[in-house]
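Chemist: Mapped onto the UniProt record's numbering, the consecutive letters of the sequence shown carry residue numbers 1 to 208. If you scroll down you'll find the structure; I have some questions about it.
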Amino acid sequence: MTYAYKLMDSPVGELKLVANGNRLAAILWENDKSNRVRLPEIVEADDRPILVETERQLNEYFAGTRDRFDLELDFQGTDFQKKVWVALLTIPFGETRSYSDIARQIGNINAVRAVGAANGRNPISIVAPCHRVIGASGELTGFAGGLTNKMLLLSLEAGQTSLEAAANSTEAAAAASGAAPATVGRETPVKPARPAPSRGTQTSLFGN
Numbered sequence: 001m002t003y004a005y006k007l008m009d010s011p012v013g014e015l016k017l018v019a020n021g022n023r024l025a026a027i028l029w030e031n032d033k034s035n036r037v038r039l040p041e042i043v044e045a046d047d048r049p050i051l052v053e054t055e056r057q058l059n060e061y062f063a064g065t066r067d068r069f070d071l072e073l074d075f076q077g078t079d080f081q082k083k084v085w086v087a088l089l090t091i092p093f094g095e096t097r098s099y100s101d102i103a104r105q106i107g108n109i110n111a112v113r114a115v116g117a118a119n120g121r122n123p124i125s126i127v128a129p130c131h132r133v134i135g136a137s138g139e140l141t142g143f144a145g146g147l148t149n150k151m152l153l154l155s156l157e158a159g160q161t162s163l164e165a166a167a168n169s170t171e172a173a174a175a176a177s178g179a180a181p182a183t184v185g186r187e188t189p190v191k192p193a194r195p196a197p198s199r200g201t202q203t204s205l206f207g208n
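Structural data, given as structure tokens:
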């Protein structure tokens, strides 16, 4: 079977869901760089079962009713990249890890920069939660979907009932503090507002 894609409207912009046969190969952002994830030629196929199921599970996630995904994945990359991407799948909902945590987990503590590069090339955004990887100090760092979306996803996972509620919470917190909300593509790392306590026991979403 050929690579196929389906476009999906979401609270974080239009997403391109890509399948390789009956496995999910990529979730790309609306403004994703064309060379961030390398894919062969793909055709549109809105009825591909894995893409329909991916859209259904993502909608549940955005609505705050799903905290894990059950999808067959197809990671295409180097052996090192695959180790990093598989490690992302082990980060529980509501928790975060640092780049050094991931490097330690894959058995190469000196590969922090390489882990960061592989994280940035993660093809299956959201499902393989690269948004849960933050700086050692708790700061948000670069994200293919933009720092605004990273903040929203982390806020959602911190206990909001839906992504819409998370967006309202972060905007209200920014207004109360007099700070401007984070913008997509912002280069300076930012710390998210603290709308709700983290469910995690590891480093919290908000630097506890």
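Backbone N, C-alpha and C define an ideal beta-carbon position, used for all residues, glycine too.
CB-CB under 7 Å to Asp74, same chain, minus the five flanking residues each way: which ones, in chain order?
Modeler: Numbered from its first residue, the sequence shown carries residue 74 at position 74. Excluding sequence neighbours, Asp74 sits near Asn20, Arg23, Leu24, Ala25.
Chemist: Where Ile106 and Glu72 are concerned, what is the direct C-alpha to C-alpha distance, given to the nearest angstrom?
Modeler: On the sequence shown, position 106 is the one that residue 106 refers to. On the sequence shown, position 72 is the one that residue 72 refers to. In a straight line, the C-alpha of Ile106 is about 22 Å away from that of Glu72.
Chemist: Please classify Pro49 as buried or exposed, where buried requires at least 16 other C-beta atoms within 10 Å of its C-beta.
Modeler: Within the sequence shown, residue 49 is the residue found at index 49, counting from 1. Exposed is the call here.
Chemist: Taking the C-alpha atoms as reference points, what is the distance between Ser10 and Gly64?
Modeler: Against the sequence shown, residue 10 aligns to sequence position 10. Against the sequence shown, residue 64 aligns to sequence position 64. Looking at the two C-alpha atoms, the distance is approximately 13 Å.
Chemist: Look at the alpha carbon of Ala114 and the alpha carbon of Val18, and state the distance between them as a whole number of angstroms.
Modeler: Start at 1 with the first residue of the sequence shown, and residue 114 comes out as number 114. Start at 1 with the first residue of the sequence shown, and residue 18 comes out as number 18. C-alpha separation (whole angstroms): 25 Å.
Chemist: Locate the beta strand (DSSP E) running through Leu24, then write down its first and last residues.
Modeler: If you number the sequence shown from 1, residue 24 lands on position 24. 23 to 28 is the extent of the beta strand (DSSP E) around Leu24.
Chemist: So which of Gly13, Glu95, Ile134, Arg68 has the shortest CA-CA distance to Gly116?
Modeler: Within the sequence shown, numbered from 1, the residue matching residue 116 stands at position 116. Nearest C-alpha to Gly116: Ile134.
Chemist: For Ile134, write down the residues that DSSP places opposite it in a beta bridge.
Modeler: In the sequence shown, residue 134 corresponds to position 134, counting from 1. Per DSSP, Ser98.
Chemist: Secondary structure at Asn59, three-state DSSP: helix, strand or coil?
Modeler: Working through the sequence shown from its first residue, we reach residue 59 at position 59. DSSP places Asn59 in helix when its eight states are reduced to three.
Chemist: Write down every uninterrupted run of the alpha helix (DSSP H) in the stretch 62 to 95 whose length is 4 residues or greater and which is fully enclosed by it, in chain order.
Modeler: Entirely contained in the stretch 62 to 95, the alpha helix (DSSP H) runs reaching 4 residues are, in chain order, 79 to 88.
Chemist: Mapping DSSP to helix, strand and coil, what is Val112?
Modeler: Within the sequence shown, residue 112 is the residue found at index 112, counting from 1. Note: Val112 maps to helix in three-state DSSP.
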